[in-house]
Every structure is written in structure tokens, then in C-alpha cells.
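Counting from 1241, one number per residue, gives the positions in the sequence shown under the working numbering.
The beta-carbon is built from N, C-alpha and C at its ideal position, and this holds for glycine as well.
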Amino acid sequence: MSTPAGISIVNGRLIDPANGIDAERDLHVLEGRVLAVGAAPAGFDPATVIDARGQVVCPGLIDLAARLREPGFEYKATIASETVAAARSGITTLCCPPDTDPVIDTPAVVTLIRRRAKLARRARVLSVGALTQGLKGEQLSEMAALQAAGCVALGNAQAPLANTLVERRALEYAATFGIIVFLRPEDRYLRDRGCVHEGEVAARLGLPGIPAAAETVAVARDLALAEHVGAIIHFRGLSTATAVRMVRDAQAARLPVSADVAIHQLHLTDHDALDFDAQCHVTPPLRTLQDRDALRQAVREGTIAAICSDHQPHEPDAKEAPFPATLPGISGLETLLPLALRLVQDGVLDLPTAIERLTWGPARILNLPYGRLDPGQVADACVFDPEAVWTLDPAAMASAGKNTPFAGWELTGRVTHTVYEGRLVFRLGT
């Protein structure tokens, strides 16, 4: 779906946290850019007018972790299928981790992903380059070449680094070029063969556990090395209260460190896996209620500046083996916004803060020129009905992956329109 000329979104509650706006304001778009906020310029005659009365208008959402499975795993999903799901969900910018096949460790793979996203024309796909060649954790990648090719950050996805010396050299190299490094903090030896949080639930189910220390030991190591070499680091997918406290202390000491959390970690706990539900098999594992509440507090206060989907679509077979043999991950694009709105319903966040954690928060982490609606900025916008109630039916999901623990949940808040680079790429009911 496209719009040949201008768009006006009128009568909506415009929430733009980057500019401190929360008021009834109109939004006008022309030639891919925000033309004006408020009154339309004289003579502006838009081809499309969207009446957003009773709805919220905000910047397009930015997701820092969304596996689109292409290239290499097209039997799970494709860039085309997942950007359709993103458009339906109000998400206009997606960051793709480097664990594709081939790995995002050369400019050629970055170019391939960008071209396929441009063909799909539904959302912006930004690549996170591999920190090490082939994600093998040993030889450093050509970081400068990846940055020049358009990578917005570097990381090793879920793959461990060989040792702390490799990590030090990687952080030093990245710091030289001012590149932010995404780190998924986990000590592989403490993790061992675990598949759920080490605690009461793991013991009751007889499943191997992953202790909270697997994360906190890694956070301590990463912070020490980053401070030593002056690197800018971002912790991807925190899951424990202790890790949150350590990041809070590091930020108070003015270290350049940020963090995000997967939306499912703010709602589910290890008790949700009590019936061996493989849809609750995720990495890092679902933790305790105390951990969940600490994560919520960290999001509220800004220690965790971004909420992401941690989207990992799978084919049905990937979730049909015994729990430890299933593949971890949730198809999360289509539940990102409504689950964030549930935090508002639950009194955890106010609405502007929830939107900030989905827009300007992630944009600020990566210094991206998105997530805001200033005149002259790229026109990415999401319009949603905050009162719409619906039930999640996996069969109706646009994502090729239907793997979700939220099937049957009654959700509130539904995207009605998505504008990407000034084009209407989704309209509910069409």
C-alpha cells in the first residue's frame, strides 16, 4: 500500500516523547518527511486524510532485536513476511542481529539485507554486524568495513567469545571507531546445558537450570572491560534484578552503558513454564517474580531505556520436541505494542513513558535520526486505538512464525495505520 502525495493525520492524541508533546495535534506529511505538527501549512492539500479521533499518534516504533531469518533460514521466515508483520504492528525500524547464514560479517551481507528490505518497502531493516568472524568468537571482524557498510552496532548475538582477551581486543577495536557493542551477557560455563531459570520450577520439572549468576558474572566482566578500554556497550535482553542494579550503578558512575529488555520478560516468569510449555522456552530464561518486578522498575526509571520484541520466529516443528530439545524464542513483533500498553493498564508505566521506551529510547541508544516527529524528519508514524480489545490468535498472525506463549490472551490496543518514510504501509481492514 502506498500514498502518492501528502498525508494528514488529524484529531489524534499526538505523543512524541522526544519533543515533550502529549496533546491533540495534527500531523502533516509530504514527500517522505514531516511537513508540520499542528496547523497545516497554507495551501497544503493532502491526498490522504486519516481521522485519528480517539486514537494515539506516535513515532514509528523501533525494535532493537528482531530476527527476520533471512538470509539462510527462510523456512522460518523472510524479510518480506516479517516486515509485513512489523507494519501491522506499528514498527518502522528493525535491528537484525548478525546470526544469519551467512553471518553478517562482511559488507556484502549488509548490502543484501538492505536491498531485500528495500524491495519489501514495509519497514527499515538495520544490521548489527558480527563482532567476530563467523560469530566463532575468535578472530575479530572487519569492524570499520561493517560500520562503513551501514551496520549500526556490532555484537556476537548468542554466540560466546572465546575468552576475556578476545573480548578486550574487540571492545578496544570498536572503541577506536566509536562503534556501540551489543552484548548478551551470559557465562557459557555457568549456563551449561540449562534451559530454564535455576530455581524452584526447574527443580520441580527436573530440567537443567540457568542460574542468575550466569548473567550477573558476565555483566560484571563486561562492565570492567568496557571501562578499562573506554568502549560504549549496550546490554541486550537483561533478565535479572542483580544485573539491573549493576547497570544502574555503572550509569550513575557515568559509564557509557545502556540496556534493553524483551517485552515478554516484563510479563512472564519461570512459573509460566510449569506445564513444560515450550512456547516459554526463551534465552535468557524467564526468571522469578522478583526479577520481573525489578525489570519493570528499571524500565520505569529509565535504567533500561528500550523495550524490544526479541522476535524469533520458528517453524512449528521447532517447538514440538521435549522442552530441552526445543528451540528458544518467541514470535514477538505483533505483541510488542499491546504488551507495552498492558504495562500502562497495570500502572507500571504511564503512556508517554511506554511510547518513549519503544521509540525515542532505542533511537537515542543508537543515535538514530528516527523515533521523533520534528518537521523535516523522516515521516515514520504509528496510529493506534488504545481502547481496542482483541484476542491473539496465532493463525491470524502476519509473521511466518506462530510461536507465542500469549495465544488466547485478551489484549488492548491495536494499530490502525502505519506510515513509513511518508507512505501508508498499513491500514487496518485492508
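Residue i: first and last residue of the uninterrupted alpha helix (DSSP H) it sits in
i: Leu1359; result: Pro1347 to Ala1360
i: Asp1533; result: Leu1529 to Glu1541
i: Arg1582; result: Leu1576 to Gln1585
i: Ala1389; result: Met1383 to Ala1389
C-alpha gap between residue i and residue j, whole angstroms
i: Pro1578; j: His1511; result: 22 Å
i: His1657; j: Ala1325; result: 13 Å
i: Leu1591; j: Val1584; result: 6 Å
i: Leu1651; j: Ala1460; result: 37 Å
i: Val1289; j: Gly1662; result: 13 Å
i: Val1392; j: Gly1616; result: 22 Å
i: Asp1339; j: Phe1422; result: 13 Å
i: Val1349; j: Ala1317; result: 17 Å
i: Gly1653; j: Lys1559; result: 28 Å
i: Ala1635; j: Pro1400; result: 35 Å
i: Thr1509; j: Ala1276; result: 44 Å
i: Pro1645; j: Glu1438; result: 20 Å
i: Ala1360; j: Ile1319; result: 7 Å
i: Ala1603; j: Leu1394; result: 16 Å
i: Pro1525; j: Leu1447; result: 12 Å
i: Gly1300; j: Glu1596; result: 11 Å
i: Val1655; j: Pro1496; result: 34 Å
i: Gly1434; j: Phe1516; result: 14 Å
i: Thr1243; j: Ala1370; result: Its pLDDT being 43, under 50, Thr1243 is placed unreliably by the model, and the measurement read from it follows with that caveat. So the alpha carbons of these two residues sit roughly 36 Å apart.
i: Thr1523; j: Gln1552; result: 10 Å
i: Ala1357; j: Ala1327; result: 12 Å
Opening and closing residue of the beta strand (DSSP E) in which residue i lies
i: Gly1601; result: It is not in any beta strand (DSSP E) - Gly1601 instead sits in the alpha helix (DSSP H) that spans Trp1600 to Leu1606.
i: Glu1650; result: Glu1650 to Tyr1660
i: Gly1226; result: Absent from the model: residue 1226. The displayed extent of the chain is 1241 to 1670, so no value can be given.
i: Val1501; result: Val1497 to Ala1502
i: Ser1248; result: Ile1247 to Val1250
i: Ser1367; result: Arg1364 to Ala1370
i: Phe1666; result: Arg1663 to Arg1667
i: Arg1253; result: Arg1253 to Asp1256
i: Cys1520; result: No beta strand (DSSP E) contains Cys1520, which DSSP labels as neither H nor E.
i: Ile1547; result: Ala1546 to Cys1548
Supposed contact pair residue j and residue i - C-beta distance, whole angstroms, cut 8 Å
i: Ala1518; j: Thr1480; result: Not confirmed; about 22 Å, so no contact.
i: Gly1278; j: Asp1291; result: Actually they are not in contact, since the Cβ atoms of Gly1278 and Asp1291 sit about 17 Å apart, beyond 8 Å.
i: Ser1639; j: Glu1310; result: Between Glu1310 and Ser1639 the Cβ distance is about 13 Å, and since that is not below 8 Å, they are no contact.
i: Val1501; j: Val1469; result: Not confirmed; about 26 Å, so no contact.
i: His1554; j: Gly1669; result: Wrong, their Cβ atoms sit about 29 Å apart, outside the cutoff.
i: Ile1249; j: Val1623; result: 6 Å
Would you say the stretch 1305-1313 touches the stretch 1330-1338, given that touching needs at least three Cβ pairs under 8 Å?
-> A contact between stretches requires three or more CB pairs, one per stretch, nearer than 8 Å, and the stretch 1305-1313 meets this requirement with the stretch 1330-1338.
Quick one: complete beta strand (DSSP E) runs, 3+ long, within the stretch 1403-1491?
-> Taking only runs of at least 3 residues, the beta strand (DSSP E) segments lying wholly in the stretch 1403-1491 are 1421-1423 and 1473-1475.
Whole alpha helix (DSSP H) runs in the stretch 1264-1346 with 4 or more residues, listed along the chain?
-> Segments of the alpha helix (DSSP H) lying fully in the stretch 1264-1346: 1319-1328.
Which parts of the stretch 1615-1639 are runs of the beta strand (DSSP E), unbroken and 3 residues or longer, counting only runs that do not cross its ends?
-> Listed in chain order, the complete beta strand (DSSP E) runs (minimum 3 residues) inside the stretch 1615-1639 are 1621-1631.
Is there contact between the stretch 1627-1637 and the stretch 1532-1550, where contact requires at least three CB pairs shorter than 8 Å?
-> With a cut-off of 8 Å, the stretch 1532-1550 and the stretch 1627-1637 do not count as touching, because too few Cβ pairs lie within range.
Examine the Cβ distances between the stretch 1606-1623 and the stretch 1244-1263 and report whether three or more of them are shorter than 8 Å.
-> Yes, the stretch 1606-1623 is in contact with the stretch 1244-1263.
Inter-stretch contact (C-beta, 8 Å, three-pair minimum) for the stretch 1340-1359 and the stretch 1373-1391 = The answer is yes - the stretch 1373-1391 touches the stretch 1340-1359, with three or more Cβ pairs under 8 Å.
Does the stretch 1487-1498 come within contact of the stretch 1425-1435, defined as at least 3 CB pairs closer than 8 Å?
-> No, they do not touch.
Do the stretch 1395-1413 and the stretch 1436-1452 touch if we need at least three Cβ pairs shorter than 8 Å?
-> No: the two stretches stay apart, fewer than three of their Cβ pairs being nearer than 8 Å.
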